[in-house]
Structures are given as structure tokens and as C-alpha cells.
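Chains as they are written, first to last, in our numbering: chain G, 475 to 620; chain H, 475 to 620; chain Y, 475 to 620; chain U, 475 to 620; chain D, 475 to 620; chain Z, 475 to 620.
Only one structure is covered here, and it is reproduced in the block below.
Protein chains: 6
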Amino acid sequence: MNAANAVLRFLSPNTVVRAHCDLPCGVYDPEQARIEAESCYKIIEKYAANEDVAYRTRAIAIKEDRAELVKHHLDVLWHDYFKPEHLEKVPNLHDLFWQANKQVSKVKASTSLDDARQLLSMIDQIDAAWKATGGPEKTRVAGRPG
Amino acid sequence: MNAANAVLRFLSPNTVVRAHCDLPCGVYDPEQARIEAESCYKIIEKYAANEDVAYRTRAIAIKEDRAELVKHHLDVLWHDYFKPEHLEKVPNLHDLFWQANKQVSKVKASTSLDDARQLLSMIDQIDAAWKATGGPEKTRVAGRPG
Amino acid sequence: MNAANAVLRFLSPNTVVRAHCDLPCGVYDPEQARIEAESCYKIIEKYAANEDVAYRTRAIAIKEDRAELVKHHLDVLWHDYFKPEHLEKVPNLHDLFWQANKQVSKVKASTSLDDARQLLSMIDQIDAAWKATGGPEKTRVAGRPG
Amino acid sequence: MNAANAVLRFLSPNTVVRAHCDLPCGVYDPEQARIEAESCYKIIEKYAANEDVAYRTRAIAIKEDRAELVKHHLDVLWHDYFKPEHLEKVPNLHDLFWQANKQVSKVKASTSLDDARQLLSMIDQIDAAWKATGGPEKTRVAGRPG
Amino acid sequence: MNAANAVLRFLSPNTVVRAHCDLPCGVYDPEQARIEAESCYKIIEKYAANEDVAYRTRAIAIKEDRAELVKHHLDVLWHDYFKPEHLEKVPNLHDLFWQANKQVSKVKASTSLDDARQLLSMIDQIDAAWKATGGPEKTRVAGRPG
Amino acid sequence: MNAANAVLRFLSPNTVVRAHCDLPCGVYDPEQARIEAESCYKIIEKYAANEDVAYRTRAIAIKEDRAELVKHHLDVLWHDYFKPEHLEKVPNLHDLFWQANKQVSKVKASTSLDDARQLLSMIDQIDAAWKATGGPEKTRVAGRPG
Chain G
475 MNAANAVLRF
485 LSPNTVVRAH
495 CDLPCGVYDP
505 EQARIEAESC
515 YKIIEKYAAN
525 EDVAYRTRAI
535 AIKEDRAELV
545 KHHLDVLWHD
555 YFKPEHLEKV
565 PNLHDLFWQA
575 NKQVSKVKAS
585 TSLDDARQLL
595 SMIDQIDAAW
605 KATGGPEKTR
615 VAGRPG
Chain H
475 MNAANAVLRF
485 LSPNTVVRAH
495 CDLPCGVYDP
505 EQARIEAESC
515 YKIIEKYAAN
525 EDVAYRTRAI
535 AIKEDRAELV
545 KHHLDVLWHD
555 YFKPEHLEKV
565 PNLHDLFWQA
575 NKQVSKVKAS
585 TSLDDARQLL
595 SMIDQIDAAW
605 KATGGPEKTR
615 VAGRPG
Chain Y
475 MNAANAVLRF
485 LSPNTVVRAH
495 CDLPCGVYDP
505 EQARIEAESC
515 YKIIEKYAAN
525 EDVAYRTRAI
535 AIKEDRAELV
545 KHHLDVLWHD
555 YFKPEHLEKV
565 PNLHDLFWQA
575 NKQVSKVKAS
585 TSLDDARQLL
595 SMIDQIDAAW
605 KATGGPEKTR
615 VAGRPG
Chain U
475 MNAANAVLRF
485 LSPNTVVRAH
495 CDLPCGVYDP
505 EQARIEAESC
515 YKIIEKYAAN
525 EDVAYRTRAI
535 AIKEDRAELV
545 KHHLDVLWHD
555 YFKPEHLEKV
565 PNLHDLFWQA
575 NKQVSKVKAS
585 TSLDDARQLL
595 SMIDQIDAAW
605 KATGGPEKTR
615 VAGRPG
Chain D
475 MNAANAVLRF
485 LSPNTVVRAH
495 CDLPCGVYDP
505 EQARIEAESC
515 YKIIEKYAAN
525 EDVAYRTRAI
535 AIKEDRAELV
545 KHHLDVLWHD
555 YFKPEHLEKV
565 PNLHDLFWQA
575 NKQVSKVKAS
585 TSLDDARQLL
595 SMIDQIDAAW
605 KATGGPEKTR
615 VAGRPG
Chain Z
475 MNAANAVLRF
485 LSPNTVVRAH
495 CDLPCGVYDP
505 EQARIEAESC
515 YKIIEKYAAN
525 EDVAYRTRAI
535 AIKEDRAELV
545 KHHLDVLWHD
555 YFKPEHLEKV
565 PNLHDLFWQA
575 NKQVSKVKAS
585 TSLDDARQLL
595 SMIDQIDAAW
605 KATGGPEKTR
615 VAGRPG
């Protein structure tokens, strides 16, 4: 139980989580997740418009990969960009990322454009959280290009 | 604001999040994260015992990769194994995974055995949560081998 | 023929193959291969129960990837964990891994549960070889968790 | 020589290169390359500010990976987004991408901020070419977010 | 516009592009691209001969991956092996690689053997360019094996 | 022999291990492993000639990756190209691949050119086995190019 105690102590509210120096780099932008999610959206759109079996097989296999990249980029934001001091500004942070990741799983399994659209909306929420916490200035070299 | 509203509606407490069929498979086990985290532990141990520059360079590069795999396996558990109905049994679920992932970042940056040991403890906590929610029976083909 | 001779000399019975220090880490466990093989098993099970074309396409593509990971984890065990001194305890070592890898190829190509079950049995054999050669104590930080 | 002739015929100016349907998706944005290149930039900045050997080893290994991703994203733009009809608007297209990729190699090998800055400038050129050919409207679901 | 000017200056004809030391290694051979392209060729052949749905799904998913590797190997040759001084000997260098990469996209989308055959021809052209510029002697340890 | 018997029993005496149709493709060539091994060779050569710390760090990290690819390509040959009927012509097949893979591990850990040279010799042995079993005609589309 020693180990468990150590963890509980670590997680307890008065623990100061040391700010650690970010490597790779401190460059984070929800655009990375969004671009891959837009791929999923457009793949579903094209899937609906083409009934060729080989085409649809490719579409499903490629959507799976792009969706996996959405998850990866969301995870990096959640792990590495967002820090305990942001929880005040974004109190639903954890649930937002959890639901977004679960939505990616739904997009993997789905051929409905609504599922992809809802994922884009959730990434927009994450984008808003990134902006509200100073993301553009703190993480991009010269802000987000227009 | 339409999109944001849609998200908020989706996230609102009375939304029924449909149970979705798991593909790949429903097989999840914190052992995957633990084995990679043990690699990090042993790499740090070997790093301390060998001052050769080339050896240490390899050790750091390999630790980076194994640690990245720890994150990946933790993320999959958090996204895909744990579901809303588990939050009652594991109320600190999100924080547990968030802190564990941040600890992996620390292990990447560190050559201290204590950091790796703390990560193992946190994975033990996650293992306990997996067991408390029926993980071994529900996710392994014939339970976890002895 | 110089090069070929050098190789033959190297492979000759009285050559002492130097034990080399393992990096990454010396952490090896057949659980890694087994978990991915269980994924294949459950994917085949779900495939049989769902006739939706898009669902089945995903199942086949994902099974391919999980099976590839089984091969990877088996290869690492064979290359890096098992050493010449283990051949006495496990005289059929090479054939065991060769057949297991060929069975993975069969699972990739198959939608029969029997093929996946046979792969699990072969991994159990490898697990027994790992235990017989002291794997749990020598390679895990605190043995295999229960 | 038959095959070579076929190729020459294929490459000859009056060959109509059929527009092919893009899968994955038709979503392309130089932001993907730029974000990874900004990572390289910031890694070099942090490398200069920290003389710890382990830190610098990580920085170099991570920069290598991020730079490889820059190349990948540039390649996708060049292969898949840009089409023969764009050569009129962007006559130096090939040289632009060739030089940019060679600059990425330089950034991999370098710890000078100037090399990373020059890469960012070259990606800005590519961004301009993407805009000049209608990239934002044609490839993003709702344009590039502000 | 400063940045753009800097780029233009960099790209201008009298700029001396410093020869940079190649790491990884200076080993390049179009065989790598060709072998993966032959895989695509044979997959299409087998696809035509087998009407089983699961078989064909695998064939399409695997062809996608092998084709992606063709692109990767072509890109490495273009970025890293070929240098400005080769443009005299291979004046259509850029177009050759551009068309070959676009042909790979066609092979991904196609189940026609002609498309794969044409890709092989284009790689043969690239192979000829590699030989014409001294590739075998300069890049292989002991030339290309017979 | 216990374990072997169990496997044989498991495979049941009357089970004919069906020759399975190879997908991806049946294209195998030891050139893939050799090219990556030559990269390791040349990286070690360049490492010896350059004492810059950052340069050497890159060299070690890149050699690690290329060596991993050697293992991957060797594994594919062993799993998928070689079949039970080849054991008569190549009786030391398993040991040859096992020792070659262990030599790759040595090359990962080493900065000695001799270790890389020995790996190349072992791959030459494997190449000879591939030729002796009809590899060039059976696996390449038009033999190995000169």
C-alpha cells in the first residue's frame, strides 16, 4: 500500500506539481487534430457518393488511420499543453477531451456525416479552451497564420 | 455559437451516451503500459551504471520511445476501456490518467529512478481501477495469466 | 568467399557468442504478444456476429494491424530474450517461434476462431518456455502482477 | 525500351493527366508542416539555453523526428495537393519543395536558429502558393480558422 | 515580405547551396521503392484472381501501405540523393519524381495491373537516373549485388 | 522434447499445415535488409570521422532506427519467404537468422566497423540461401535488376 499512498500523496490537492520544461518544444495547436478530423469528414462525404466496393474499402481503412491521428493530437494537447493552472479557466477540461476521444471512436465506426460534424464541434470547443488559456501567443512562433 | 451549443447539449448530464460497439476488440490490460514503464525503469538503472557516452545516448533515445508507448497504452485505456458508468467506482479517473501521463513526461526528461518508480505506482493505481471495474473478466479471453 | 568463411567461423560450435548487455532494458514478457493475439481472437468473434460490410472491413483491417504486433512482440522475444544457453531447456525454440509466426500469418488471412485459438495455444507454449528459463524473475521489475 | 517509351509518352506535354479522385480526402494545409517546423525552431532555442548532456541528447533525437514529419507533410502537399494546372501560377513549384526539403535536412543536422528560421520562411512561400491556388476554400471544411 | 525576399535570395541562381554531410548515411537505392512497387503489382494480380470479400479487403488495405512505402522511398531519393549538380544529367528530375508519386496515388486507387506496370516503368527511369549519376558506386558499400 | 511434443500434438498429426497464399504479395528480397545494414555500416564510418557531439548523437539515434529496420526485414524473410520445404536446402536456416538478428543488436550497441561488416557477411549468407531456394525467380517481378 506504500506505493498507493505515494500516489495518493502525489495526487492530493496541496501537492505542488512542478512545472517541467517542455521538450519537444512547447508548440501545440488544435489545428493538427482539426485537419485530421476534417479528413474524416470529407472521407465520409466521398464514401456516401461512391458505391464502388474497392473505393469504400479504402475509404474505411484510411478514415481509421486519420481518426487515430486525431486521437493522438488530442492526447498530446491534453497531456502536455494543458496544465493544472488551466483547470480554473476550463473546468470541464477532462470531460471535454474524454468525450472528444470517444467521439473519434464513433467516427471510426460510423459512416454518418453527423458524427464527423459533431467531432469538429468538439474540437472547436478545445480550440476555444486553447485560446482562452493563451495558446496562440504561448505556443506558436508567430501566432496562428491567417 | 451553434456548434458550441451542440457540443454543450451533447455533454449535458441528461445526454445518453450510446454504448458503442468496441472495435478493435475490447481487449485492454494495464500490463501493456506497465511493461513499457518497467523498460523505462530498467533503462534508467542501466544508464546510471554505465558512463559510456554512446551507451547513454542510446539509453536516452530508447527511453523516449518506450515512454511514448506508455502514454499510448494509457490513452487507449482511458479512451476506450473506461466508460461513463465507471466514474462512480473510480471518481478520480480523469485526474489519475492525467497525472500518470504527466509523470511519463517527467520520466522522459529524467534520469532519476524515483521518477520511474512513481510512474509504476501510478500504473498500479490504474490497474486497481481496471480490476475494480471488472477488467480481467470482461476484457481478457481467459483472465490474466499467472 | 572470405565473407562467407568469416560467417561460418562465427557460427561454428566453438565460437563463444559474447553475452551482450541488453538495451533497451531486459524487460520481456509474452503477455505483450498474447494481448494482441487475444485482440485478433475477439475481432474474429465480433466479425462473425456482424454482417455489416463497413463493420467487417474495419475488423479485417484492424486484425491485420494487431496480428502484425503479435509478430513484432514474438520477434523481440526470440531475438533478444532467448539466448544460446536456453537451447538446452527449450530445444525446439526456433521451430516454436517459426510456427507461431506462421500461425499469425494464418490468423491474418483467416476469419476462423480455431486459427486464433491455435495461436493462443502456441503463445502459451512460448510463455511456458519463458517461465522455464526464469523469465518472470529475470525480466520483470517485480514479477508478473496477479 | 518499350517501357521507357511508355513513360516518355506519359510525361510528354500533350498528355492529359487525368484528374484523379483524392482519397484520403482532399484536406491539405501547410499548417501541418509549419507546426512541426516551429517545433524544430523551439527545440533549437531550448537546446542553446541548456547545457545538460541528457537534455541535449533528447533535444537532438526529438528534433530529428519532428523534422522528418515536416518532410512528410511537405511531400504530401507536393504529391497530392498540387496538380499540373497549378504550375502556371507557381512556376517554381518543384524547386520550392526541393529546396524546402533540403532545408529540413539542414535543420536536422544543425543547431543554428537561422537554419530553422529559413525553413519557416520557405514554408511561408509554400503557404502563399497554396493560397494562390485556392487552397483554403478547396481543401478545408470551413476555411482556415482564425 | 522580408521573409519571402530571403527565400527568393536563397533560391536565386547564384546562391551557392552548401553541400551538406549526409546523415543517416548516404546509402540510397531505387531498389527499395521498386520492391514495394512490385508488391503492389503482385497484390493486384492476386486480387484479380480471388473474389473472396475478406481476401480482397486485405489486399486493398495492404496495397495502400506498400504504396505509401513506395512514396516514402521515392521521396528520400529525391530529397537526399539527388543534388543540384545532377540536374544537368537529369533535366526532367523533378517532373519524373512528381509523376511517379502521382502514379503511386493512382496505384493506390486502382486494381488495374497496367497502372502498377506503369509505376514500375517510371521507377526504372529513376533507376537509370541514379545510375547515370554514379549511384551504385557512390551509395552502396560494394555496389549492387548481382 | 516435451514442449515440442505438445506443439506437435497441438498441431495434431493429421493436420496438414496448409501452404497459405501469401498476402501482401510474395515479393521478398534480402536487398531490403542489406541496404539498411549498409546504412549502419556507413553511419559507423562517419561517426568515427566526426567528433562533434551533436553529430554523434544523431548518428547513434539514426543507426538505432536503421538497425531496427534490418531486423524487421530479416524477420519478414524468415517468417514469410522461407517455408518448411526449404529446410533441406538450408539446414541451418533458423540459426542463421537468429545469429543475424543477434548481430543486429550488436551493431546497435557498437561503434565498431567490424561488427557492421560481420552483419553484412551474414546477410550475404541469407542472400545465398534465398538464391539457392529460387528466390529471385519466384519472388521478383522480373528478377533482381542488375
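Don't be surprised by glycine CBs; every beta carbon is placed ideally from N, CA and C.
6 Å CB neighbourhood of residue i in its chain, flanking five on each side removed
i, result
"D:Val564", "Ala603"
"Z:Arg540", "Glu510, Ser513, Cys514"
"H:Leu551", "Tyr502"
"Y:Leu543", "Glu510"
Beta-carbon contacts of residue i that lie in its chain and below 8 Å, excluding the five residues immediately before and after
i, result
"U:Gly500", "Lys612, Thr613"
"H:Leu570", "Val564, Met596, Gln599, Ile600, Ala603"
"U:Ala642", "Residue numbering for chain U in the displayed model covers 475 to 620; residue 642 of chain U lies beyond these limits and cannot be assessed."
"U:Arg618", "Asp503, Glu505, Pro610"
C-beta atoms of residue i and residue j nearer than 8 Å
i, j, result
"U:Ala590", "U:Tyr515", "yes"
"D:Ser579", "U:His553", "yes"
"D:Lys545", "D:Asn575", "yes"
"Y:Gln573", "Y:Leu593", "no"
"D:Lys582", "D:Lys520", "no"
"G:Gly620", "U:Gly608", "no"
Residue i Cβ short of 7 Å to the ligand MG heavy atom set
i, result
"Y:Glu510", "The ligand content of the structure shown is nil, which means the ligand MG is not present either."
Spatial distance of residue i from residue j (CA atoms)
i, j, result
"Z:Ala477", "Y:Leu567", "Low confidence applies to Z:Ala477: its pLDDT is 38, below 50, so where it sits in the model is not reliable enough to give any reading."
"G:Pro610", "U:Ala616", "20 Å"
"G:Cys495", "U:Tyr529", "Model confidence at G:Cys495 stands at a pLDDT of 46, short of 50, so the residue's coordinates are unreliable and nothing is read from them."
"Y:Thr531", "G:Arg508", "25 Å"
"U:Asp549", "U:Tyr555", "10 Å"
"Z:Ile534", "U:Val527", "15 Å"
"Z:Leu497", "Z:Glu559", "19 Å"
"D:Ile518", "G:Ile518", "25 Å"
Exposed unless 16 or more other CB atoms sit within 10 angstroms - verdict on residue i
i, result
"U:Lys557", "exposed"
"Z:Glu505", "buried"
"D:Glu562", "exposed"
Own chain residues within Cβ distance below 7 Å of residue i, not counting five before or after
i, result
"U:His547", "Gln506, Ala507, Glu510"
Which runs of the alpha helix (DSSP H) fall wholly inside the region 499-573 of chain G and span at least 4 residues, in chain order? The qualifying runs are 505-522, 527-550.
Any C-beta of chain C within less than 9 Å: which residues of the region 567-587 of chain Z qualify? Of the protein chains in the structure, G, H, Y, U, D and Z, none is chain C.
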